[in-house]
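Enquirer: Going left to right, the sequence shown walks through residues 3 to 335 as the working numbering numbers them.
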Amino acid sequence: KNIYPSANYPTWCTPTAKIITGAEGTFNDGSGNQNYLNNQDCLYLIQPLCVTFISLSFDRFDLATGDLVKVYDGATTSDSVIGTFDASNIPTTSYLSSGPNMLIEFITDGSANATGWYASYDTYPCQGSKILTEPSGTIVDGSQDCDYANSISCLWYIQPVGATSFQLDFTEFGFANGDAGDYLKIYKNSTVVSNLIGTYNAANIPTTVNVVGTKAILRFATNSTSSSTGWALNYTTTLTGIENNLSEFNAGVFPNPFNNDATISYSLSDVTNVKILVTNVLGEVIGSYNRQEVQGNYNLPLSSFTNNLSQGIYFVNLNFNDRATLIKIVCIK
Numbered sequence: 003k004n005i006y007p008s009a010n011y012p013t014w015c016t017p018t019a020k021i022i023t024g025a026e027g028t029f030n031d032g033s034g035n036q037n038y039l040n041n042q043d044c045l046y047l048i049q050p051l052c053v054t055f056i057s058l059s060f061d062r063f064d065l066a067t068g069d070l071v072k073v074y075d076g077a078t079t080s081d082s083v084i085g086t087f088d089a090s091n092i093p094t095t096s097y098l099s100s101g102p103n104m105l106i107e108f109i110t111d112g113s114a115n116a117t118g119w120y121a122s123y124d125t126y127p128c129q130g131s132k133i134l135t136e137p138s139g140t141i142v143d144g145s146q147d148c149d150y151a152n153s154i155s156c157l158w159y160i161q162p163v164g165a166t167s168f169q170l171d172f173t174e175f176g177f178a179n180g181d182a183g184d185y186l187k188i189y190k191n192s193t194v195v196s197n198l199i200g201t202y203n204a205a206n207i208p209t210t211v212n213v214v215g216t217k218a219i220l221r222f223a224t225n226s227t228s229s230s231t232g233w234a235l236n237y238t239t240t241l242t243g244i245e246n247n248l249s250e251f252n253a254g255v256f257p258n259p260f261n262n263d264a265t266i267s268y269s270l271s272d273v274t275n276v277k278i279l280v281t282n283v284l285g286e287v288i289g290s291y292n293r294q295e296v297q298g299n300y301n302l303p304l305s306s307f308t309n310n311l312s313q314g315i316y317f318v319n320l321n322f323n324d325r326a327t328l329i330k331i332v333c334i335k
């Protein structure tokens, strides 16, 4: 009989990391149909292209006492440990990375051994839903340097404690032309239709989107046909509370309520980057002001960068050197 392979079997494992790049797959400790060897310290690096998250599970796990498997959330043993498993702590679920790399380390001692382990993994460009609690950060579609995947649906909830509004600044936006089935929807507070801020695709490309609410929610969906380069954005949050107390700037809007016009006043003790956005209750930008200004007292008419506001409620987002506050104003004419 012919037996394959005819040599170099089992493959065993080596201290040099085995690089695994497929979008999904299986791998094992390398011992084949034999027990694994003693005194090993071996590495397996799952590092696929075009993904952001890796999900790992063990299909078989049989270790002798004193041997262990470590799973790291990253590409090195200096990264945080997702889990450490041994004969008394057998993995029973799936383990998810927070990024596009996952390292598995297999360590055996000099005594007993056993049949070893088999593992399988899947990869994803984005999670089903992800909650973000930092007041600022970056969100990407998850396709890395590739075009985004087909048939995906993912949600991001931006919800820092004390949030009153959000500014989303898009740094990349590439969607398939003529394909309404690929889109990014942005909501305030919840995903009911009445809270939809906008639907964005190749025919409606966003630059800056302002969301007035306690949460900003992004829904990214693609169909099964075409794709493109995807999107990325930076977000900042206006918070209530002492962290954003801007009393040293003496910032305010008066009169409030107002009839025809109002004045935004503030004082600067040094050169300051001043950004002001006026939005309506839907989060649409009505006017913007962005300048570097020197020390002094300023009184800026609202009408100098907005155009004939109608009766209603508006929000003035004041940002001084990236410190922000939000003021609600009412036009009563």
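The beta carbon of each residue, even a glycine, is placed where N, CA and C say it ideally should be.
Would you please state the rounded distance, in angstroms, between the beta carbons of residue 146 and residue 52? I believe it to be under 8 Å.
Expert: The pair is a contact, with the Cβ atoms about 5 Å apart (cut-off 8 Å).
Enquirer: Is the CB-CB distance between residue 319 and residue 278 below 8 Å?
Expert: Contact flag set, yes.
Enquirer: Jot down the residue ranges of each uninterrupted beta strand (DSSP E) in the segment 40-85, minimum 3 residues, whole runs only, in chain order.
Expert: Listed in chain order, the complete beta strand (DSSP E) runs (minimum 3 residues) inside the segment 40-85 are 43-48, 55-64 and 70-74.
Enquirer: Are there 16 or more other CB atoms within 10 angstroms of the CB of residue 180, so buried, or fewer, so exposed?
Expert: So residue 180 counts as exposed.
Enquirer: Cα separation between residue 50 and residue 25?
Expert: Rounded to whole angstroms, residue 50 to residue 25 spans 6 Å at the Cα level.
Enquirer: Runs of 3 residues minimum, wholly inside the segment 199-280: which ones carry the beta strand (DSSP E) assignment?
Expert: Within the segment 199-280, the complete beta strand (DSSP E) runs of at least 3 residues are 210-214, 218-223, 232-241, 254-256 and 265-270.
Enquirer: Leaving out five residues before and five after residue 191 in sequence, what residues of the same chain have Cβ atoms less than 7 Å from its Cβ?
Expert: Contacts found: 197, 215, 216 and 217.
Enquirer: Between which residues of its own chain and residue 244 is the CB-CB distance below 8 Å, once the five residues before and five after are set aside?
Expert: Any reading at residue 244 needs caution, since the residue's pLDDT is 38, under 50, leaving its predicted position unreliable; the model's value is listed next. Cβ within range, chain order: n/a, list empty.
Enquirer: Mark residue 143 as exposed unless 16 or more other C-beta atoms lie within 10 angstroms of its C-beta, in which case mark it buried.
Expert: The residue in question, residue 143, is buried, as its Cβ has 16 or more Cβ neighbours within 10 Å.
Enquirer: Are the CB atoms of residue 23 and residue 120 nearer to each other than 8 Å?
Expert: Not closer than 8 Å, so no.
Enquirer: Can you find at least 3 beta carbon pairs, one from the segment 257-268 and one from the segment 145-161, that sit closer than 8 Å?
Expert: The segment 257-268, when compared against the segment 145-161, does not touch it at the 8 Å Cβ threshold.
Enquirer: Any idea if residue 315 is buried or exposed, counting beta-carbon neighbours within 10 angstroms, 16 or more meaning buried?
Expert: Under this definition residue 315 is an exposed residue.
Enquirer: Rounding to the nearest angstrom, what Cα-Cα distance links residue 66 and residue 20 in this structure?
Expert: Residue 66 and residue 20: Cα-Cα distance of roughly 23 Å.
Enquirer: Considering just the uninterrupted stretch of the beta strand (DSSP E) at residue 14, what are its terminal residues?
Expert: Residue 14 -> no beta strand (DSSP E), and no H or E assigned at all.
Enquirer: Just the C-alpha distance for residue 282 and residue 306, rounded to the nearest angstrom, thanks.
Expert: Cα-Cα distance, rounded: 17 Å.
Enquirer: Mind checking who residue 326 pairs with in its DSSP beta bridge?
Expert: Note: residue 326 sits in a beta bridge opposite 321.
Enquirer: Between which two residues does the beta strand (DSSP E) containing residue 20 stretch?
Expert: Start and end: 20-22.
Enquirer: Could you check whether residue 138 and residue 239 sit closer than 8 Å to each other, using their CB atoms as the reference points?
Expert: Yes, Cβ-Cβ distance for residue 239 and residue 138 is below 8 Å.
Enquirer: Give every residue of the same chain whose Cβ lies closer than 6 Å to the Cβ of residue 95, excluding the five residues on either side of it in the sequence, and list them in chain order.
Expert: None.
Enquirer: Can you tell me the Cα-Cα spacing of residue 173 and residue 111, whole angstroms?
Expert: Distance between the alpha carbons of residue 173 and residue 111 is about 50 Å.
Enquirer: Given this structure, state the Cα-to-Cα distance separating residue 87 from residue 204, to the nearest angstrom.
Expert: Going from the Cα of residue 87 to the Cα of residue 204 covers about 47 Å.
Enquirer: How would you call residue 74, buried or exposed, if buried means at least 16 neighbouring beta carbons within 10 angstroms?
Expert: Burial call: buried.
Enquirer: Leaving out the 5 sequence neighbours to the left and right, which residues in its chain are closer than 8 Å to residue 334 when beta-carbon positions are compared?
Expert: Here the set comprises 259, 260, 261 and 313.
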